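Please read the structure below before turning to the comments.
Residue numbers (the numbering used here), protein chains in the order written: chain B, 48 to 164; chain X, 48 to 164.
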């Protein structure tokens, strides 16, 4: 029963990761999401590594509180720019580059082309 | 003398219109500018008419105070998306479509493709 509870708990954690298709996202939401410089930096850093290799916990160098960082990841997920999944205690990330580009042509390229500040 | 004063006053009014080249604009400023739904609507309405035919005074149907409207026009001018000039008592507008597109490829198209709300 304890084992069952643990599995269920882990499963629930992943299940709370709601993902949104970029096709359902408004331009307003997309602009709000990429309007924040820390979120743009997260996106650029993720673009520099292969999918599913970078965990949320590796972004602690960014100058924001941990709770704020979690919020930023949630915002990016909610506009269809980020996919996440849990592996053990790590939450891994993948940019949804092609899907986001299809919905908002050019927007991601602008973010990726910006210099880090 | 009164005529001279009027002309001079008009001239000074135009001279206070500072314009910015899109090339000098940061992505942050551009995203902030188009992040506002009223500003995006102004841009869409201007895109629907020939350059220099639509005066600021014809935007009174938008649900914002006159002072807020002036602010919106200034923001659009300051990110290089709008050019303005005074003709008599009218302040006429032109979208700087090509210049803005060159600096921020795709961004204006996203704004123009959005449905009015």
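From the three backbone atoms N, C-alpha and C, an ideal C-beta is built for every residue, glycine too. The structure presented is a predicted model; accordingly, all values stated were derived computationally and were not measured.
- DSSP places residue 130 of chain B inside the beta strand (DSSP E), whose first and last residues are 129-134.
- Burial check for residue 69 of chain X: the Cβ neighbour count within 10 Å reaches 16 or more, so the residue is buried.
- In terms of Cα proximity to residue 135 of chain B, the closest of B:147, B:103 and B:87 is B:103.
- Listed along chain B are 78, each with a C-beta nearer than 8 angstroms to that of residue 81 of chain X.
- X:130 is the residue among X:153, X:130 and X:64 whose C-alpha sits nearest the C-alpha of residue 100 of chain X.
- Sequence-distant Cβ neighbours of residue 77 of chain B in its own chain, meaning closer than 6 angstroms and more than five residues away, are 126 and 151.
- Within a 10 Å sphere around the beta-carbon of residue 112 of chain X sit fewer than 16 other beta-carbons, which makes this residue exposed.
- Taking a 10 Å sphere around the C-beta of residue 80 of chain X, we find 16 or more other C-beta atoms and assign the residue as buried.
- At least 7 angstroms separates the beta-carbon of residue 86 of chain B from that of residue 142 of chain B.
- Proximity of chain B to residue 153 of chain X at the Cβ level (cut-off 9 angstroms) is accounted for by 151, 152, 153, 154, 156 and 157, in chain order.
- Here the alpha carbons of residue 132 of chain B and residue 153 of chain X stand approximately 31 angstroms from one another.
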